[in-house]
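As given, the protein sequences belong to chains X and A, one line each in that order. In the working numbering, each residue's number is its place in the first sequence (first place is 1) plus 331. In the working numbering, each residue's number is its place in the second sequence (first place is 1) plus 195. Here a beta-carbon is modelled for each residue, glycine too, at the ideal position from N, C-alpha and C.
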Amino acid sequence: MAKGTLYNKVWNHNRVTELPTGQTQVFIGLHLIHEVTSPQAFDMLREKGLKVAYPDRTFATVDHIVPTLSQARPFADGQAEAMLQAIERNTQEFGVKFFDFASGQQGVVHIVGPELGLTQPGMTIACGDSHTATHGAFGALAFGIGTSQVRDVLAGQCLAMDPMKVRRVEINGRLASGVTPKDVALFIIHKLGVKGGIGFVYEYAGEVFEAMSMEGRMTVCNMSVEGGARAGYCNPDATTFAYLQGRKYSPQGAAWNAAVEKWKSFVSDGDAEYDDSIRFDAADIEPRVTWGITPGQSVGISEALPNPGQYEDVGERASAELAYRHMQWTPGQKIQGIKIDVAFIGSCTNGRIEDLRAAAKIAQGRKVAPGIQAFIVPGSLPVRKQAMEEGLDKIFLAAGFSWRAPGCSMCLAINPDQLVGKQISASSSNRNFIGRQGSQTGRTLLMSPAMVAAAAITGHVTDVRSFKEKEI
Amino acid sequence: MSRITQSSRIIQVTGRAVPVPGDDIDTDRILPARYMKELTFANLGQYPFQDERFHSDGAPKRHPFNEAHYQGASMLFGNANFGCGSSREQAPQALTRWGIRAIVAESFGEIFSGNCLTLGVPVVTASQADMAALQNIARKNPGADFNLDLASMTINGGGLLVKISMPASRRKAMMEGAWDSTGLLLANADKVAGMLAARAAA
Ligand code: SF4
């Protein structure tokens, strides 16, 4: 059992009591909900005759089913319209704040929470969504839950949990130019495996994370769950506090200084003990691209695709063989040069302002290759507004990208944004699972937003670094 | 509080088993995302592994869930990292509504196994070699009955007896009928209020 880590401190701070089963009752400071995993939870409350115990600790938005071309009501998809109406009705009936389109704050739930300053260090945060891990970037303990647990949090603001182990993932050195937090995330998952994190929370530490922006830390923490870790976090520091200062729900005035002092108390001690730790060197990370059907199946942009025979574990070998059958590549072929059909920039992994800036730098003064459908989906209305103030929309439109409204879009494709048939997408999202982008034969290549932009311009997987040297 | 009922004790699960081989079977594969647009869980039992079982034109593919002799199976035998990915409770809902009462695998996605607990479905682990042996029996002899016993932490069937594992608190929750967490948590509502009052005063 780890000792003296942020995880231990936040856990102890929010521990209510031990349950008769031996599980711990943990208080949840912030609860975020969206339209897809909450309606059944509200129904369960009604069935049991329960209220929302702390309605000022739950916040709602709508993201998964939102059409990104037009939000005119009613939505063309009757099921999507019904989901939106359900969250409107439920939040009103139970007194929960709903960041709808009119609020100007709507967006992907994991972008909205931090942007509003709701996500704060030392908190426990839950949401019916696996990428709740994102909020760990602030030094919060944040994890995804299922709908029955959403019911529990609504009913009593608590969860029944078992403690997790803590693994420190330390990366020192400096990331080379063109290497982004997304590449760091894909590198870690590749090294530790998609099951490596089962039972663990990941603490991200070392020079790379100390130098990283909040946006970047969110990208890495977001993908913890793709490595099997239910949560991941960075220790809060000056970067964290600077991001939070002045946000709508951040403490203001005299309360601000007191809050910062308290937040500092949640940082892992210098002599903290971990259940496991591992170190990597930033110099070993290059832009990465997934080639398979799990986020762990990725290669560096200069590499060739692996031979399934090289996996010692039978399960991993079978997974690689299935990946080849689905993706239809040949072992040994280069990842560079694989042609794409669709380029998607967005999602809770890479739909923040920094991501759009990185993509715009590549798109500026260039054109999307003929036949490629390329589109940009800002993560939230504030991100969209900020990008437009910076003129990024004009850069994208001039290059031939479609400029959309916020939502989950093609990250999971239960809205009109979907792959068709065997199309290949370059995506800045987080999952390349079979069928994830709306077509059961569709193929997804995960990469950083800059790499997606470069692929959109050339029409194939491209090393964003050589791209810059050659064409600027 | 009177409406909160104690859940039932779960000690044994008995029945035939359907093998679903493969590591990293994510919840998108178990229940494709488009079915999450249904406002209730009521119909989900129709769709487990939908896209692995049928082509987009409706033609069936080869999948254990399509085979006649696995209809009515009450256990699923998986491999490593079963149920990884999305937190959707719709995935275990689809499996239980199809008839699955227990899942045995090498390891599980954590949110998935937590969701199964809240539904009263034991998710237990066994070694890679034991899973291969169990799947082999279920494949060669689909009629074989298995008995999963949380008291002895074993699964027994087709002439094989295998040790299974599960975190102690989950096992206790199942065996004592304390897996429906809402009631347990609400019993301590005053402690939560007290904790918040103490924080506000500090
Ligand atoms: S953007 Fe994708 S991963 Fe993020 S919340 Fe939406 S669907 Fe989930």
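For residue i, three-class secondary structure by DSSP
i	result
X:Cys739	coil
X:Glu534	strand
X:Pro494	coil
X:Thr789	helix
X:Gly438	strand
X:Ala457	strand
X:Asp794	coil
A:Asn351	strand
A:Glu371	coil
A:Lys335	helix
A:Ile206	coil
X:Lys334	strand
A:Leu290	helix
X:Leu472	strand
A:Thr313	helix
CB-CB length for residue i against residue j, believed under 8 angstroms
i	j	result
X:Cys458	X:Leu363	4 angstroms
X:Gly470	X:Tyr564	6 angstroms
X:Pro626	X:Met554	7 angstroms
X:Gln480	A:Ser364	Actually they do not touch by this definition, with Cβ atoms about 15 angstroms apart.
X:Gly584	X:Val539	Rounded, the Cβ-Cβ distance is 34 angstroms, inconsistent with contact.
X:Arg482	A:Thr377	6 angstroms
A:Gly353	A:His264	The Cβ separation is near 14 angstroms, so there is no contact.
A:Cys279	X:Gly559	7 angstroms
Closest residue to residue i among the options (Cα-Cα distance)
i	options	result
A:Ser282	A:Pro227, A:Gly338, A:Gly372	A:Pro227
X:Arg578	X:Pro445, X:Ala674, X:Asp686	X:Pro445
X:Phe572	X:Gln402, X:Ala560, X:Asn588, X:Arg561	X:Asn588
X:Gln402	X:Ala542, X:Gly738, X:Val539, X:Gln754	X:Gly738
X:Asn300	X:Asn339, X:Pro370, X:Glu412	Examination of residue 300 of chain X is not possible in this model, given that chain X is present from 332 through 803 alone.
A:Asn261	A:Val208, A:Asn274, A:Asp246	A:Asp246
A:Ala388	X:Ala635, X:Phe432, X:Gly547, X:Tyr385	X:Tyr385
A:Leu380	X:Gln356, X:Ser779, X:Asn761	X:Gln356
A:Leu314	A:Asp221, A:Gln323, A:Ile306	A:Ile306
X:Ile359	X:Thr455, X:Leu449, X:Val383	X:Thr455
X:Glu634	X:Val598, X:Asp408, X:Gly448, X:Asp615	X:Asp615
X:Ala542	X:Ile726, X:Val515, X:Arg561, X:Thr570	X:Thr570
A:Ala328	A:Phe303, A:Leu312, A:Leu355	A:Leu355
X:Ala649	A:Val213, A:Asp218, A:Pro214, A:Ala212	A:Asp218
A:Ser347	A:Phe272, A:Ala384, A:Lys367	A:Lys367
X:Ile476	A:Glu284, A:Glu371, A:Lys232	A:Glu284
X:Ser758	X:Asp672, X:Glu720, X:Arg735, X:Gln771	X:Asp672
X:Ala562	X:Asp606, X:Phe518, X:Arg498	X:Arg498
X:Val341	X:Lys725, X:Met375, X:Pro452	X:Pro452
X:Met414	X:Met741, X:Thr450, X:Ile396, X:Gly702	X:Ile396
A:Ser203	A:Arg296, A:Pro243, A:Arg394, A:Gly372	A:Gly372
A:Val213	A:Cys311, A:Leu290, A:Phe249, A:Tyr242	A:Leu290
A:Ile295	A:His250, A:Met370, A:Phe272, A:Arg334	A:Phe272
A:Pro317	A:Lys386, A:Ala333, A:Ile350	A:Ile350
Burial state of residue i (16 or more Cβ within 10 Å)
i	result
X:Met549	buried
X:Gly769	buried
A:Arg198	The predicted model places A:Arg198 with a pLDDT of 35, which falls under 50 and marks its position as unreliable, so this point remains unresolved.
A:Ala254	exposed
X:Gly487	buried
X:Lys801	Confidence in X:Lys801 is poor, its pLDDT being 49 and thus under 50, which makes the residue's placement unreliable; the coordinate value appears in the next sentence. Looking at its Cβ environment, which holds fewer than 16 other Cβ atoms inside 10 Å, X:Lys801 is exposed.
A:Asn276	buried
X:Lys513	buried
X:Pro405	exposed
X:Thr336	buried
X:Leu728	exposed
X:Leu400	exposed
X:Met332	exposed
X:Val751	exposed
A:Thr222	buried
A:Thr235	exposed
X:Ala603	buried
X:Leu350	buried
A:Gln288	buried
Checklist entry - Contact between the segment 392-402 of chain X and the segment 483-497 of chain X: three or more CB pairs below 8 angstroms? => result no
Checklist entry - Would you call the segment 636-646 of chain X and the segment 676-686 of chain X in contact, with 3 or more CB pairs under 8 angstroms? => result Segments in contact, no.
Next on the checklist: Under 8 angstroms: do the segment 614-633 of chain X and the segment 649-663 of chain X share three or more Cβ pairs, one atom per stretch?
Outcome noted: With a cut-off of 8 angstroms, the segment 649-663 of chain X and the segment 614-633 of chain X count as touching, because enough Cβ pairs lie within range.
Checklist entry - Around ligand 3, what residues have a beta-carbon under 5 angstroms from a heavy atom of it, in chain order? => result In the structure shown, ligand 3 is absent; the only ligands present are ligand 1.
Checklist entry - Pairing CB atoms from the segment 200-211 of chain A with CB atoms from the segment 334-351 of chain A, are three or more of them under 8 angstroms? => result yes
Checklist entry - Are the segment 788-799 of chain X and the segment 712-722 of chain X touching by the rule of at least three beta carbon pairs closer than 8 angstroms? => result no
Checklist entry - Counting Cβ pairs, one atom from each stretch, are 3 or more of them under 8 angstroms apart for the segment 352-368 of chain A and the segment 220-238 of chain A? => result no
Checklist entry - Contact between the segment 769-786 of chain X and the segment 680-698 of chain X: three or more CB pairs below 8 angstroms? => result yes
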